[in-house]
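Let me begin by presenting the structure, written as structure tokens, before commenting on it.
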Amino acid sequence: MGRETGTTAPKTASEPRTALQALIEQTLTRHPGVREAAVTPDGAGAVVVLDEMYGPLEIREDLRADLLAAGHPADPAVLSVSTLPTGRPDSVGELAAELGEFASLSRYEPAGTELEAALADRLAELLALPRVGALDDFVDLGGDSLTAVRFLTALQAEFGAAVSVVELFAAGTVRELARLLAERALPADRPA
Amino acid sequence: MHALRLGPSPAFLDGTERVPAATTAAGLAAAATAFDAPAKALVAVLTGRDLPGVLAYLAALGLGHAALLREHPGIAARDALLTAYQPEFVLDGGTGPVPAGYRASGELLGARVLARTAVPRSPVHPELAVLITTSGTLGRPKAVRLSYANLAANAESVVTALGLGPADLGITSLPLDHSFGLSVLNTHLAVGAPVVLSRLSPTARRFWQLCARAGVTDLGAVPITYRLLHSTGWRPAGLPALRLAYQAGGPLEPGLARHFGELMAEHGGGFCPMYGATEATARMAYLPPAELMEHLGSVGRAVPGGRLRLHEPDRDGVGEIVYQGPNVMLGYAEHRADLAEGRTHGDVLHTGDLGRLERGMLYVLGRKDRQLKLYGKRLRPEEIEQRLAVAGPAAVVAAAPDTAVVFVEGDRERFRAAWLDVLRILELPAESLPLREVAGLPRTASGKVDLGRLRMLCHV
Numbered sequence: 110m111g112r113e114t115g116t117t118a119p120k121t122a123s124e125p126r127t128a129l130q131a132l133i134e135q136t137l138t139r140h141p142g143v144r145e146a147a148v149t150p151d152g153a154g155a156v157v158v159l160d161e162m163y164g165p166l167e168i169r170e171d172l173r174a175d176l177l178a179a180g181h182p183a184d185p186a187v188l189s190v191s192t193l194p195t196g197r198p199d200s201v202g203e204l205a206a207e208l209g210e211f212a213s214l215s216r217y218e219p220a221g222t223e224l225e226a227a228l229a230d231r232l233a234e235l236l237a238l239p240r241v242g243a244l245d246d247f248v249d250l251g252g253d254s255l256t257a258v259r260f261l262t263a264l265q266a267e268f269g270a271a272v273s274v275v276e277l278f279a280a281g282t283v284r285e286l287a288r289l290l291a292e293r294a295l296p297a298d299r300p301a
Numbered sequence: 228m229h230a231l232r233l234g235p236s237p238a239f240l241d242g243t244e245r246v247p248a249a250t251t252a253a254g255l256a257a258a259a260t261a262f263d264a265p266a267k268a269l270v271a272v273l274t275g276r277d278l279p280g281v282l283a284y285l286a287a288l289g290l291g292h293a294a295l296l297r298e299h300p301g302i303a304a305r306d307a308l309l310t311a312y313q314p315e316f317v318l319d320g321g322t323g324p325v326p327a328g329y330r331a332s333g334e335l336l337g338a339r340v341l342a343r344t345a346v347p348r349s350p351v352h353p354e355l356a357v358l359i360t361t362s363g364t365l366g367r368p369k370a371v372r373l374s375y376a377n378l379a380a381n382a383e384s385v386v387t388a389l390g391l392g393p394a395d396l397g398i399t400s401l402p403l404d405h406s407f408g409l410s411v412l413n414t415h416l417a418v419g420a421p422v423v424l425s426r427l428s429p430t431a432r433r434f435w436q437l438c439a440r441a442g443v444t445d446l447g448a449v450p451i452t453y454r455l456l457h458s459t460g461w462r463p464a465g466l467p468a469l470r471l472a473y474q475a476g477g478p479l480e481p482g483l484a485r486h487f488g489e490l491m492a493e494h495g496g497g498f499c500p501m502y503g504a505t506e507a508t509a510r511m512a513y514l515p516p517a518e519l520m521e522h523l524g525s526v527g528r529a530v531p532g533g534r535l536r537l538h539e540p541d542r543d544g545v546g547e548i549v550y551q552g553p554n555v556m557l558g559y560a561e562h563r564a565d566l567a568e569g570r571t572h573g574d575v576l577h578t579g580d581l582g583r584l585e586r587g588m589l590y591v592l593g594r595k596d597r598q599l600k601l602y603g604k605r606l607r608p609e610e611i612e613q614r615l616a617v618a619g620p621a622a623v624v625a626a627a628p629d630t631a632v633v634f635v636e637g638d639r640e641r642f643r644a645a646w647l648d649v650l651r652i653l654e655l656p657a658e659s660l661p662l663r664e665v666a667g668l669p670r671t672a673s674g675k676v677d678l679g680r681l682r683m684l685c686h687v
């Protein structure tokens with residue numbers, strides 16, 4: 110932290126906030142899992158300090174649902190940090206890159222292929238979530254070893270390809286899992 | 228009549244919320260009233276790791292009753308248990324219809340209490356404390372009978388082995404119908420340490436968030452959990468209170484024992500591999516964290532009060548692991564009538580596991596008989612073979628940790644539907660039971676499938 114470049118220099122708090130920015134900030138601070146929040150002027154990202162029982166993915170999804178309910182179909186990325194940066198950030202992506210392992214960024218990435226879409230749909234159904242992004246981590250989504258077994262059993266029946274529970278956890282995302290599945294054609298006799 | 232109070236005053240956290248002592252006391256009193264009976268009774272606790280389930284279990288022990296533990300069985304499994312053991316009382320989630328032969332008789336903190344309408348003719352032995360089912364996922368139930376003395380002895384042994392104390396905070400990281408999971412609860416209660424009641428799996432993000440928030444000091448998990456934590460790069464950094472992680476429920480690869488040993492040591496804590504069996508209440512051996520690196524791959528020495536030896540070791544020093552101690556079960560039970568029996572099994576347990584002793588430390592090498600253990604589930608290959616028999620001859624042979632090869636005669640596509648059924652029913656991933664086709668299963672002169680030759684085929 111503390112490295113300043115022209116693009117990541119934080120704006121001062123005295124600048125007027127946009128309406129969307131204010132709405133997102135308000136929505137976030139009402140969330141039981143959010144201690145503090147700051148939002149980028151374009152409303153594309155939010156930096157949050159979270160209660161330890163919550164993760165950025167959950168906040169991202171709750172925020173989207175709340176904004177939608179309020180009539181604003183926005184989908185901000187959420188960056189979880191331990192202390193808020195001084196002033197409002199311009200872009201959570203750049204801030205995330207700057208903070209490295211001390212921050213965790215969650216943004217929704219839609220499925221890029223038919224296989225990714227199919228996997229995301231199955232996973233959303235299994236975990237009772239409205240949607241699953243291609244870059245969302247299985248464990249962050251609320252998956253555990255039992256749901257993993259159920260998910261993989263369904264995949265075996267549907268795609269005829271075997272992926273192990275350990276491989277699923279290591280792959281983490283729908284995108285990585287799709288890559289793994291595409292590499293394999295029906296290896297039911299593959300000794301693990 | 229025997230009865231057991233595991234510890235001074237049980238304390239729980241329901242998630243992150245501390246359960247007030249008054250709530251616990253009132254719940255125990257309500258459970259004692261609900262399970263009041265003229266004679267010793269069997270209480271089936273089918274809710275699991277929640278406050279009503281744990282209090283029902285403790286109240287049953289306090290009354291001198293016996294408890295049958297099973298977390299959320301399906302309807303078929305539940306009915307099989309009720310038919311086989313005829314519990315006088317049942318605690319369940321209370322959503323489905325009342326099973327035949329029972330009436331709703333009350334509720335306990337939101338869970339439903341059922342009472343059997345006809346009192347079973349066969350009594351329950353005074354020493355019997357707990358029934359834990361060991362197999363019968365696909366077939367008839369079979370349970371291990373544990374006594375009050377068994378529970379008390381093993382709790383004391385494990386408390387000493389792990390150095391648990393009242394300042395510790397445990398968590399129900401495993402189901403209570405798993406002997407290891409029940410032992411985690413019992414050991415903490417025995418020293419007056421509180422326990423976080425949680426249904427979360429240690430493979431879930433929220434489990435670790437809960438541990439951090441609550442300040443959990445020690446936890447137990449099975450090998451598959453440690454494998455998955457390893458694959459996701461788990462670290463204890465966010466868990467300042469965590470001082471001890473222990474493992475049982477099957478062999479853990481030495482590399483992983485080293486990995487978690489190093490992680491926990493850096494964190495200022497320790498990692499402790501253990502060896503257990505439901506037939507020995509829960510745990511029989513432990514490798515103290517300080518000796519982990521010197522004996523990697525070993526499960527250590529017997530817990531205090533127990534003795535380990537090898538039966539008829541061969542030239543390589545490999546023999547069946549035999550355990551002797553006060554935690555060895557009374558015996559098995561398949562029917563209600565078996566509950567009237569006292570000790571039918573000596574205090575010497577032939578584990579059926581093959582092992583080797585090196586510098587006084589035990590190394591577990593595998594199952595002696597064909598019984599399989601896949602992802603912590605104990606399975607009889609015969610059960611799987613029977614399911615596949617609709618498609619043709621099949622034989623199941625253990626190949627590697629958590630993997631058994633299913634050899635099928637002829638085109639394996641014919642077996643696929645039945646194979647998928649087995650995976651679904653057992654909740655096992657395909658790689659744990661890979662299908663392999665052979666033109667004909669090798670057979671012995673007497674016509675039986677030659678398992679020895681199949682075992683050799685696994686490795687080519």
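Those protein sequences? They're chains Z and W, same order as listed.
Just so we're on the same page, this note's numbering is the position in the first sequence counted from 1, plus 109.
Just so we're on the same page, this note's numbering is the position in the second sequence counted from 1, plus 227.
All C-beta atoms, glycine included, are put in the ideal place defined by N, C-alpha and C.
Tell me the DSSP secondary structure of residue i in three-state form.
| i | result |
| --- | --- |
| Thr117 of chain Z | Any reading at Thr117 of chain Z needs caution, since the residue's pLDDT is 44, under 50, leaving its predicted position unreliable; the model's value is listed next. If DSSP states are grouped into helix, strand and coil, Thr117 of chain Z belongs with coil. |
| Leu678 of chain W | helix |
| His299 of chain W | coil |
| Leu341 of chain W | strand |
| Arg144 of chain Z | strand |
| Leu166 of chain Z | helix |
| Arg432 of chain W | helix |
| Pro516 of chain W | helix |
| Phe268 of chain Z | helix |
| Tyr602 of chain W | coil |
| Tyr312 of chain W | helix |
| Thr505 of chain W | helix |
| His577 of chain W | strand |
| Glu585 of chain W | strand |
| His630 of chain W | Contrary to the premise, residue 630 of chain W reads as Thr rather than His in this sequence. Of the three classes helix, strand and coil, the one that applies to Thr630 of chain W here is strand, per DSSP. |
| Thr260 of chain W | helix |
| Ala297 of chain Z | Confidence at Ala297 of chain Z is low in this model, with a pLDDT of 43, below 50, so the placement of that residue should be treated as unreliable; the coordinate-derived value is given next. Three-state result, Ala297 of chain Z: coil. |
| Ala621 of chain W | strand |
Within a Cβ cutoff of 8 Å, which residues of the same chain sit near residue i, ignoring the five residues on either side of it in sequence?
| i | result |
| --- | --- |
| Leu678 of chain W | Arg597, Ala622 and Val624 |
| Ala179 of chain Z | Leu132 and Thr136 |
| Thr117 of chain Z | Summary for Thr117 of chain Z: the model assigns pLDDT 44, below 50, so the residue's position carries little reliability; its value from the coordinates is reported in the next sentence. If we look at Thr117 of chain Z and ignore the five residues flanking it on each side, its Cβ neighbours are Pro198, Asp199, Ser200, Glu203, Leu204 and Glu207. |
Run down chain Z in chain order and give the residues with a C-beta less than 9 Å from the C-beta of residue i.
| i | result |
| --- | --- |
| Ala439 of chain W | Glu161 and Met162 |
| Glu654 of chain W | Leu255, Val258, Arg259 and Thr262 |
Residue i versus chain W: which residues are under 7 Å apart at the beta carbon?
| i | result |
| --- | --- |
| Ala266 of chain Z | Leu647 |
| Val143 of chain Z | Those do not exist, as Val143 of chain Z stays about 15 Å from chain W at its closest Cβ, beyond 7 Å. |
What do you reckon, are the CB atoms on residue i and residue j nearer than 8 Å?
| i | j | result |
| --- | --- | --- |
| Pro656 of chain W | Thr262 of chain Z | yes |
| Leu231 of chain W | Ala464 of chain W | no |
| Pro169 of chain Z | Glu225 of chain Z | Checking the sequence, you will find Arg at residue 169 of chain Z rather than Pro. Not in contact: Arg169 of chain Z and Glu225 of chain Z (Cβ atoms no closer than 8 Å). |
| Thr274 of chain W | Ala331 of chain W | no |
| Leu537 of chain W | Gly582 of chain W | yes |
| Leu557 of chain W | His577 of chain W | no |
| Arg510 of chain W | Val385 of chain W | yes |
| Arg605 of chain W | Val632 of chain W | no |
Between which residues of its own chain and residue i is the CB-CB distance below 7 Å, once the five residues before and five after are set aside?
| i | result |
| --- | --- |
| Ala257 of chain W | Leu335 |
| Tyr329 of chain W | Val317, Leu341, Ala342, Arg343 and Thr344 |
| Lys595 of chain W | Glu547, Gly579, Asp580 and Leu581 |
Just the chain W side, please: which residues come within less than 8 Å of residue i by C-beta, in chain order?
| i | result |
| --- | --- |
| Phe278 of chain Z | Thr430, Leu455, Ser458 and Thr459 |
Taking C-beta pairs closer than 7 Å, name the residues in chain Z that residue i reaches, listed in chain order.
| i | result |
| --- | --- |
| Arg651 of chain W | Thr262 |
| Gln436 of chain W | Glu161 and Met162 |
Return the chain-ordered list of same chain residues with a C-beta closer than 6 Å to the C-beta of residue i, the five sequence neighbours on each side being excluded.
| i | result |
| --- | --- |
| Pro368 of chain W | Ala307, Leu308, Ala311 and Thr360 |
| Thr399 of chain W | Arg276, Leu424 and Ser425 |
| His415 of chain W | Gly397 and Val422 |
| Gly527 of chain W | Ala512, Tyr513, Leu514 and Met588 |
| Thr114 of chain Z | In this prediction, Thr114 of chain Z has a pLDDT of 41, which is less than 50 and means its spatial position is unreliable; nothing more can be read from the coordinates. |
| Met110 of chain Z | In this predicted model, Met110 of chain Z has a pLDDT of only 39, less than 50, meaning its place in the structure is not dependable enough to derive any value. |
Under the assumption that residue i contacts residue j (Cβ atoms under 8 Å), give the Cβ distance between them as a whole number of angstroms.
| i | j | result |
| --- | --- | --- |
| Ala441 of chain W | Leu240 of chain W | 6 Å |
| Pro500 of chain W | Ala484 of chain W | 6 Å |
| Val357 of chain W | Ala417 of chain W | At roughly 15 Å, the Cβ-Cβ gap does not stay under 8 Å, so Val357 of chain W and Ala417 of chain W are not in contact. |
| Arg563 of chain W | Ser349 of chain W | 5 Å |
Using the beta-carbon of each residue, which ones in chain Z are nearer than 8 Å to residue i?
| i | result |
| --- | --- |
| Ile398 of chain W | In chain order: nothing, as chain Z lies at least about 14 Å away. |
Starting from residue i, find everything on chain W with Cβ-Cβ shorter than 9 Å and list it in chain order.
| i | result |
| --- | --- |
| Ser254 of chain Z | Ser428, Pro429, Thr430, Ala431, Ile451, Thr452, Leu455 and Tyr602 |
| Asp171 of chain Z | Simply none; closest approach about 15 Å. |
| Val148 of chain Z | Neighbours of Val148 of chain Z on chain W: none; closest Cβ ~24 Å, over 9 Å. |
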